[in-house]
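To start, the structure under review is shown below, and the notes come after it.
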Amino acid sequence: MVSAKMYELGTKKSTIRTIFEFGRKRAAEVGEENIFDFSLGNPNVPTPDFVRDAAVDILQNYEPSAVHGYTVAPGNPKVRETLAQSINARFNTNFAGKNIFVTSGAAAAITICFKALAEPNDEFITFAPYFPEYKCFVESVGATLKVVKPRPEDWQIDFEDFAKLINDNTKAVIINSPNNPSGAVYSEETIKKLAAILNEREEQTGQKIFLICDEPYRELAYGVQVPWVTNFYRNTLVCYSYSKSFSLPGERIGYIVIPDEIAEFDKIFGAVAGAARVLTHVNAPSLWQLVVAKCAGKAVDITPYERNGKILYDGLIAAGFECVKPQGAFYLFPKALEPDDYAFCERAKKYDLLLVPGTDFGAPGYFRAAYCIKTETIERSLPLFKKLAEEYRS
Numbered sequence: 001m002v003s004a005k006m007y008e009l010g011t012k013k014s015t016i017r018t019i020f021e022f023g024r025k026r027a028a029e030v031g032e033e034n035i036f037d038f039s040l041g042n043p044n045v046p047t048p049d050f051v052r053d054a055a056v057d058i059l060q061n062y063e064p065s066a067v068h069g070y071t072v073a074p075g076n077p078k079v080r081e082t083l084a085q086s087i088n089a090r091f092n093t094n095f096a097g098k099n100i101f102v103t104s105g106a107a108a109a110i111t112i113c114f115k116a117l118a119e120p121n122d123e124f125i126t127f128a129p130y131f132p133e134y135k136c137f138v139e140s141v142g143a144t145l146k147v148v149k150p151r152p153e154d155w156q157i158d159f160e161d162f163a164k165l166i167n168d169n170t171k172a173v174i175i176n177s178p179n180n181p182s183g184a185v186y187s188e189e190t191i192k193k194l195a196a197i198l199n200e201r202e203e204q205t206g207q208k209i210f211l212i213c214d215e216p217y218r219e220l221a222y223g224v225q226v227p228w229v230t231n232f233y234r235n236t237l238v239c240y241s242y243s244k245s246f247s248l249p250g251e252r253i254g255y256i257v258i259p260d261e262i263a264e265f266d267k268i269f270g271a272v273a274g275a276a277r278v279l280t281h282v283n284a285p286s287l288w289q290l291v292v293a294k295c296a297g298k299a300v301d302i303t304p305y306e307r308n309g310k311i312l313y314d315g316l317i318a319a320g321f322e323c324v325k326p327q328g329a330f331y332l333f334p335k336a337l338e339p340d341d342y343a344f345c346e347r348a349k350k351y352d353l354l355l356v357p358g359t360d361f362g363a364p365g366y367f368r369a370a371y372c373i374k375t376e377t378i379e380r381s382l383p384l385f386k387k388l389a390e391e392y393r394s
């Protein structure tokens with residue numbers, strides 16, 4: 001009567017959402033101030049004033065049909081040109097509007113890329129820890145997701161394991177940097193080595209493998225450079241969203257960058273347009289296209305996230321946890337205090353600490369804590385983390 005797969009996806013909630021909903025129920029029982037919910041990556045830094053001012057100006061002064069009407073499917077041409085020039089100014093590239101496809105956020109961008117590239121028997125490879133939705137996104141287009149095992153010492157790429165998974169069915173590799181859930185940023189050395197492997201594979205076999213960069217956290221990097229990957233590997237698609245940088249997760253606005261240098265540009269762009277069409281992305285929200293173009297290139301204040309990350313990291317280390325210091329995004333990914341990360345997160349609920357098991361991200365034995373919450377909440381949580389650690393030690 002209905003698709004069994006779609007029913008499963010619709011009725012089996014993600015672990016993150018399940019924990020978040022538990023937190024809402026628990027808050028009603030004990031008070032919001034007594035819940036320490038580190039489950040959901042929902043930006044808590046207010047949307048910048050310049051975004052609000054841009055939206056107000058557009059709503060008050062622009063022709064309503066231009067604000068609320070359809071645009072062409074790839075996005076408003078002037079918006080695309082503005083975004084391309086902003087990227088060029090930042091990353092020493094040479095894009096034009098024709099290289100940009102505006103999307104309804106990063107989830108739409110990466111799913112469109114998967115759909116555009118996938119053919120029967122194709123495999124996509126990603127690196128643990130990884131965003132759990134990649135699996136259902138890839139499987140929804142008829143492909144298979146292969147996962148390279150994690151490298152916990154720094155959360156960079158385990159190239160030895162990667163070499164075991166790459167094969168004639170590999171269509172694309174997915175990277176997410178700054179990373180959800182680890183907060184790691186892939187170094188330029190890592191990107192160069194990855195590009196060298198893919199280039200060597202093409203030279204030896206003639207096989208083209210695409211690199212899909214999922215970059216909604218690009219602006220949230222703390223004292224490190226996030227390499228612009230098209231400068232290192234030509235067959236790259238960059239997927240971006242303003243959800244995190246401008247604190248606009250509910251507005252669904254982002255884009256795909258399709259470089260001229262990519263293999264068969266016209267075919268790839270056409271396939272992206274076709275994928276967007278069948279996935280019913282008529283066009284990204286017209287108002288928010290205009291807003292992000294008006295705000296393109298403006299700096300955002302990430303110091304609240306950096307401060308929160310430092311407070312939580314220092315507090316957990318002092319309590320006896322092991323954790324790689326995050327370089328970006330707004331997540332910590334510490335080692336759980338027992339091998340069973342689900343059991344650990346369940347025990348943490350005793351202290352109203354809501355954490356997400358690392359197994360969901362392909363890294364058993366770890367947990368994710370999203371620190372995009374009030375600084376005061378993090379500070380008040382630290383004695384509870386200490387009590388939890390002492391309970392394990394005793």
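Numbered according to the working numbering, the sequence shown spans residues 1 to 394.
Heads up, the beta-carbon is just placed ideally off N, CA and C, and yes, glycines get one too.
Being a predicted model, the structure only gives us computed values, none of them experimental.
| Selection from E391, R201, G358, A273 that minimises the alpha carbon distance to V72 | One-based indexing of the sequence shown puts residue 72 at position 72. Per the Cα distances, A273.
| task | On a CA-only basis, which of E188, V138, S140 is nearest Q156? Give me that one, please. | result | Reading the sequence shown from its first residue, position 156 is the one you call residue 156. The shortest C-alpha separation from Q156 is found at E188.
| request: Find the nearest neighbour of G309 within the set H281, C372, K5, judged by alpha-carbon distance. | output: The residue you call residue 309 lines up with position 309 of the sequence shown. Per the Cα distances, C372.
| request: Compute the distance between the beta-carbons of A336 and G365, then report whether it is under 8 Å. | output: Against the sequence shown, residue 336 aligns to sequence position 336. Against the sequence shown, residue 365 aligns to sequence position 365. For A336 and G365, yes; Cβs fall inside 8 Å.
| message | Does I253 come out as helix, strand or coil in the three-state DSSP assignment? | response | Working through the sequence shown from its first residue, we reach residue 253 at position 253. I253 falls in the coil class under three-state DSSP.
| request: Identify the continuous beta strand (DSSP E) that holds Y240 and give its terminal residues. | output: In the sequence shown, counting from the first residue as 1, residue 240 sits at position 240. Per DSSP, Y240 belongs to the beta strand (DSSP E) from 236 to 241.
| Terminal residues of the continuous beta strand (DSSP E) containing A369? | Position 369 of the sequence shown, counted from the first residue, corresponds to residue 369. Annotation for A369: the continuous beta strand (DSSP E) segment containing it runs 367 to 370.
| said: For chain B, check one thing: does any of its Cβ atoms lie closer than 8 Å to the Cβ of V226? | reply: Here chain B cannot be found, since the structure has a single protein chain.
| field | Through-space distance from V45 to K244, alpha-carbon basis | value | Here residue 244 refers to the residue found at position 244 of the sequence shown. Here residue 45 refers to the residue found at position 45 of the sequence shown. One C-alpha to the other measures close to 9 Å.
| query | Does DSSP put G328 in a helix, in a strand, or in coil? | reply | Walking along the sequence shown from the start, residue 328 turns up at place 328. Strand at G328.
| field | Beta bridge counterpart(s) of D214 as assigned by DSSP | value | Here residue 214 is taken as the residue at index 214 of the sequence shown, counted from 1. Answer by DSSP bridge pairing, in chain order: N176, C239.
| query | Going straight from the alpha carbon of A319 to that of L59, what length do you get? | reply | Counting from one through the sequence shown, the residue named residue 319 turns up at place 319. Counting from one through the sequence shown, the residue named residue 59 turns up at place 59. Taking the straight line joining both Cα atoms gives about 50 Å.
| message | By the DSSP assignment, the beta strand (DSSP E) with F124 in it spans what residues? | response | Working through the sequence shown from its first residue, we reach residue 124 at position 124. Element bounds for F124: 123 to 127.
| task | Measure the alpha-carbon distance for T377 versus E33 and round it to whole angstroms. | result | If you number the sequence shown from 1, residue 377 lands on position 377. If you number the sequence shown from 1, residue 33 lands on position 33. Those two C-alpha atoms are separated by around 8 Å.
| said: Given a cut-off of 8 Å on the beta-carbon distance, is the pair K193 and F246 in contact? | reply: Locating residue 193 in the sequence shown gives position 193, where the first residue counts as 1. Locating residue 246 in the sequence shown gives position 246, where the first residue counts as 1. Cβ distance not < 8 Å, so K193 and F246 don't count as in contact.
| field | Inter-residue Cα distance where the pair is A296 and E391 | value | For the purposes of this step, residue 296 is taken as residue 296 along the sequence shown, with counting starting at 1. For the purposes of this step, residue 391 is taken as residue 391 along the sequence shown, with counting starting at 1. Taken atom to atom, the span from the alpha-carbon of A296 to that of E391 is near 49 Å.
| task | Give the straight-line distance between the Cα atoms of D161 and I110, rounded to the nearest whole angstrom. | result | Here residue 161 refers to the residue found at position 161 when the sequence shown is read from its first residue. Here residue 110 refers to the residue found at position 110 when the sequence shown is read from its first residue. Computed Cα separation, rounded: 24 Å.
| message | Is it the case that the segment 245 to 261 contacts the segment 14 to 34, given that we only count it when at least three CB pairs across the two stretches are under 8 Å? | response | The segment 14 to 34 vs the segment 245 to 261: no contact.
| query | What are the partner residues of A107, as DSSP defines its beta bridges? | reply | Along the sequence shown, read from residue 1 onward, the residue named residue 107 stands at position 107. According to DSSP, which records beta bridges pairwise, A107 is partnered with nothing at all.
| request: Give the straight-line distance between the Cα atoms of K98 and P74, rounded to the nearest whole angstrom. | output: Here the question's residue 98 lines up with position 98 in the sequence shown. Here the question's residue 74 lines up with position 74 in the sequence shown. In this structure, the alpha-carbon of K98 lies about 9 Å from that of P74.
| said: Looking at the secondary structure, which residues open and close the beta strand (DSSP E) in which K146 lies? | reply: By one-based count along the sequence shown, residue 146 stands at place 146. 144 to 148 is the span of the beta strand (DSSP E), which, as asked, contains K146.
| query | Roughly how far, in whole angstroms, is the beta-carbon of F137 from the beta-carbon of F114, given that I think they are within contact range, below 8 Å? | reply | On the sequence shown, position 137 is the one that residue 137 refers to. On the sequence shown, position 114 is the one that residue 114 refers to. Contact flag correct, Cβ pair sits at about 6 Å.
| Is the beta carbon of L237 less than 8 Å from the beta carbon of F210? | Against the sequence shown, residue 237 aligns to sequence position 237. Against the sequence shown, residue 210 aligns to sequence position 210. The Cβ-Cβ distance between L237 and F210 falls below 8 Å.
| request: Compare the Cα-Cα distances from K208 to each of A172, A221, D360 and report the closest residue. | output: To locate residue 208, count along the sequence shown from 1; it is residue 208. Of A172, A221, D360, the residue nearest in Cα terms is A172.
| said: As an exercise, report each continuous alpha helix (DSSP H) stretch of at least 4 residues that is fully enclosed by the segment 154 to 208, in chain order. | reply: Runs found: 159 to 165, 188 to 205.
| query | Identify the residues that DSSP records as bridge partners of L354: which are they? | reply | Counted from its first residue, the sequence shown places residue 354 at position 354. Per DSSP, the beta-bridge partners of L354 are D37.
| query | What whole-angstrom Cβ distance do P129 and F333 have, given they're in contact under 8 Å? | reply | Residue numbering aside, residue 129 sits at position 129 when the sequence shown is read from its first letter. Residue numbering aside, residue 333 sits at position 333 when the sequence shown is read from its first letter. With a Cβ gap of about 6 Å, P129 and F333 count as contacting.
| field | Spatial distance of L354 from F344 (CA atoms) | value | Within the sequence shown, numbered from 1, the residue matching residue 354 stands at position 354. Within the sequence shown, numbered from 1, the residue matching residue 344 stands at position 344. Rounded to the nearest angstrom, the two C-alpha atoms are 11 Å apart.
| Is the beta carbon of K294 sitting closer than 8 Å to the one on A54? | Here residue 294 corresponds to residue number 294 of the sequence shown, with the count starting at 1. Here residue 54 corresponds to residue number 54 of the sequence shown, with the count starting at 1. Using a Cβ distance threshold of 8 Å, K294 and A54 count as a contacting pair.
| Which class does V278 belong to by DSSP, given the choice of helix, strand or coil? | Position 278 of the sequence shown, counted from the start, is the residue given in the question as residue 278. Correct three-state label for V278: helix.
| field | Rounded separation between T103 and N199 - CA only | value | For the purposes of this step, residue 103 is identified with residue 103 of the sequence shown, where counting begins at 1. For the purposes of this step, residue 199 is identified with residue 199 of the sequence shown, where counting begins at 1. Taking the straight line from one Cα to the other gives about 29 Å.
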